[in-house]
Amino acid sequence: MTDPARIPAGSAFPALEWSQTDGGMLAPAGTEGWRLLVVYRGAHCPLCRKYLKTLESLQPAFADAGIAVAALSADPGERAIKEAGEEGWTFPVGYDLTPDQMRTLGLYVSSPRSPEETDRDFAEPGLFVINPQGAIQIVDVSNAPFARPDLEGLLHGLKFLIAKDYPIRGTA
């Protein structure tokens with residue numbers, strides 16, 4: 014498998030949208046303000062569940078900083094709705110991320126190792142911070158569930174860059 018094309022920092026977040034577990038639509042490019050989109054592997058991943066529990070616990074602090082949070086996976090609606098309800102996640106959770114959309118976002122794509130894991134290809138972890146102008150301020154993509162940004166550290170960094178009008182880095 015080849016390295017997926019990376020979505021460059023500073024580029025506009027693609028105009029993609031997904032159904033949400035609460036019946037709404039997740040459309041990061043069409044949302045205003047600062048946004049954090051966490052792409053997770055799906056309900057089969059216990060590390061993802063732990064990461065999203067941390068995101069849930071930090072959601073009020075992100076909101077206080079003016080940053081809307083959301084999560085997204087390739088899970089089908091029934092599975093995503095069940096997990097979001099069981100976990101009590103209050104942030105928007107999108108589902109049905111397709112392999113083509115994964116590639117558009119520059120995410121690594123994995124196939125299930127067995128039917129017990131999941132029934133479809135899924136995205137490895139990714140994280141996008143989108144600024145009020147709709148540009149990707151920060152992008153972090155991993156090929157494994159073990160490597161993800163620390164959410165508390167990210168929150169502190171975002172507060173700093175918002176307060177200091179810090180530029181988008183890594184564009185050269």
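Reading the sequence shown from the start, the letters are residues 14 to 185 in my numbering.
Think of the CB as a built atom: it goes at the ideal place given N, C-alpha and C, for glycine as much as any other residue.
Beyond the five residues adjoining it in sequence on each side, residue 37 comes within less than 8 Å, by CB distance, of 105 in the same chain, given in chain order. Taking residue 74 as reference, the option from 183, 180, 182, 172 with the minimal CA-CA separation is 172. Secondary-structure assignment with DSSP links residue 48 through a beta bridge to 81, 143.
Look at residue 164 here: in three-state DSSP terms it is helix. In the displayed model, residue 109 falls within coil according to three-state DSSP, outside both helix and strand. The residue among 135, 114, 18, 20 with its C-alpha nearest the C-alpha of residue 57 is 135. Collapsing the DSSP output to three states places residue 86 in coil. Taking 8 Å as the cut-off, the beta carbon of residue 83 is found closer than this to the beta carbon of residue 107.
Minimum Cα-Cα distance from residue 50 among the listed residues 129, 116, 92, 26 corresponds to 26. Here residue 119 really is in contact with residue 20; their C-beta atoms are around 4 Å apart, less than 8 Å. Per the DSSP secondary-structure output, residue 18 pairs with nothing in a beta bridge. For residue 150, the enclosing beta strand (DSSP E) starts and ends at 149-154. Annotation for residue 138: 52, 53, 54, 155, 158, 161 place their beta carbon closer than 7 Å to its own, counting only its chain and skipping 5 residues before and after. Non-local C-beta neighbours of residue 67 in its own chain, meaning closer than 7 Å and more than five positions away in sequence, comprise 164, ordered along the chain.
DSSP places residue 123 in the strand class (E or B) of the three-state scheme.
Annotation for residue 145: 45, 46, 47 place their beta carbon closer than 7 Å to its own, counting only its chain and skipping 5 residues before and after. In this structure, the alpha-carbon of residue 95 lies about 38 Å from that of residue 182.
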